[in-house]
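The structure appears right after this line, and notes come after that.
Residue numbers (our numbering): 0 to 226.
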């Protein structure tokens, strides 16, 4: 059967085999040595020429592809992947399906992509929408703001059955609205040294992608997942 080239909005389990031409927007990996091998995997969000996004999970057996094909902002042709329901508690896009890249799935570089599409895929969510919960809390958000308070001491936290480190930060937007952000994983471990190196600067601005919104009492928190 020939591989049909299609778009993300058309993807369903029944459409396979097919090919999509996409730009890699975000990549992150769960492969700490302390993590069980069966839990290690690579994840990414990709965007097609129509501006639609879909979440992709790559199992441990396909890590050999990562360095070559799955760099952020690369354009790739993906084929022979599985399309499965996007029904887990943690969602990364609104698409009803996600891609499982395993088995006979393949990828190769592509040079063709519509330059009018947002190259970075970074869509800032207003703090006011977060505070009023005027958003879908099942999906991650992108935020930016000035860091005005932080802690140097890391604390332990458990996520996906694995222990990681967490560092609390406080950010504010240009309107002065404040948010607490819990940074986790590798990013949390590297931040204290970085903060010490720049703490004499007038402002410390951050952009954070794929942050989760959760509510504890009346407080709204942003939680970033390990890279």
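Cβ coordinates follow ideal geometry from the N, Cα and C atoms, glycine included.
Cβ shell of residue i (< 6 Å), same chain only, five flanking positions each side left out
i           : result
residue 71  : 23 and 26
residue 136 : 212
residue 206 : 143
residue 191 : 151
residue 7   : 47, 51 and 53
residue 162 : 155
residue 276 : No information on residue 276 is available, as it lies outside the stretch 0 to 226 that the chain covers here.
residue 113 : 48
Within 8 Å, strictly: CB atoms of residue i and residue j
i           : j           : result
residue 104 : residue 80  : yes
residue 145 : residue 203 : yes
residue 86  : residue 54  : no
residue 138 : residue 187 : no
residue 109 : residue 75  : yes
residue 11  : residue 96  : yes
residue 172 : residue 126 : yes
Residue i burial status per 10 Å Cβ neighbour count (16 or more: buried)
i           : result
residue 170 : buried
residue 132 : exposed
residue 175 : exposed
residue 193 : exposed
residue 208 : buried
residue 165 : buried
residue 134 : exposed
residue 289 : Past the edges of the chain, shown from 0 to 226, lies residue 289, and the structure says nothing about it.
Presumed contact (8 Å Cβ cut-off) between residue i and residue j, rounded CB distance
i          : j          : result
residue 47 : residue 19 : 6 Å
residue 15 : residue 40 : Residue 15 to residue 40, Cβ: 21 Å. No contact.
Chain-order list of residues whose beta-carbon lies under 7 Å from that of residue i (same chain, five-residue window excluded)
i           : result
residue 0   : The pLDDT assigned to residue 0 is 45, lower than 50, so where the model puts this residue is not dependable; a value taken from the coordinates is nonetheless given after this. Once the five neighbours on either side are set aside, the close Cβ partners of residue 0 are 16.
residue 43  : 23, 25, 26, 55 and 69
residue 124 : 134, 140, 141 and 142
residue 93  : 138
residue 256 : A question about residue 256 goes unanswered here, because the residues of the chain that appear run from 0 up to 226.
For residue i: DSSP bridge partner residues
i           : result
residue 205 : 144
residue 53  : 45
residue 183 : 165
residue 177 : 171
residue 100 : 57
residue 22  : 46 and 74
Cutoff 8 Å; reference residue i; Cβ partners in own chain excluding five residues on either side
i           : result
residue 4   : 17, 18, 19 and 20
residue 148 : 168 and 169
residue 73  : 22, 23 and 108
residue 121 : 141, 206 and 208
residue 157 : 163
Any non-hydrogen atom of the ligand GDP closer than 7 Å to residue i Cβ
i          : result
residue 84 : Questions concerning the ligand GDP fall outside what the structure shown contains, since it holds no ligand whatsoever.
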